[in-house]
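All residue numbers for the sequence shown refer to the working numbering, where the first residue is 35 and numbers rise by one.
Don't be surprised by glycine CBs; every beta carbon is placed ideally from N, CA and C.
Written out below as structure tokens is the structure these notes cover.
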Amino acid sequence: MVFQMATSRDFVGCAFDGDLRDPVKEAGAGLLALIVESAKRDVDDSLLRLQLEECKMSSDRVDTLLENYRKQKQNIRIRLSELSTGRLPHLVGVDWAMDYRVKHGHLTHLDEPVFRVNLGNNDTSFECNLSQMQDLVHTLRDAVKCVQGKVQGDIE
């Protein structure tokens, strides 16, 4: 079951329902974390064996677990690489246009600009008014300052 979870397409957040009061769930979550981290770090079987034996796991269970670990280690590593690359869309550019909305509907008159923004990945586009656009610009500037601060902090 642990290896099925670690190699499944729904791995992100699927392992357990968040209720870890049950000791069996805690043990399963711990074992899953150990297996995934071991595969991620390309841990050798002998080192994993020592870790499991230190946790007082019986030798027949250790053997069974290591046999499955050897069989599934590459699949887990592939799945982890899929999660870390290509999962999130990348922002490659921004296209925007400003229109001026004079009338909206039959009764409402709006004399305000409307911004149409496309985030370059062709999946995300939206419209916003002037105050929403100003809020977006301020939020992005704050994010840039935060990233610059982190980068400069890492350099020092």
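- Leaving aside the five residues that flank Gly127 on each side, the residues in its chain whose CB is nearer than 7 Å to its CB run, in chain order, Gly154.
- Judged by beta-carbon spacing, Lys105 lies beyond the 7 Å limit of Ala73, meaning their Cβ atoms are not closer than that value.
- Taken through DSSP and simplified to helix, strand or coil, Arg135 comes out as strand.
- The beta carbons of Asn102 and Asp129 sit no closer together than 7 Å.
- With respect to the 7 Å criterion, Arg111 and Ala131 are not classified as neighbours on the basis of their beta carbons.
- In the DSSP assignment, Ser72 falls within the unbroken alpha helix (DSSP H) covering 57–74.
- The beta carbon of Leu164 is closer than 7 Å to those of Glu146, Pro147 in its chain, skipping five residues each way along the sequence.
- DSSP places Asp78 outside both helix and strand once states are collapsed to three, so it counts as coil.
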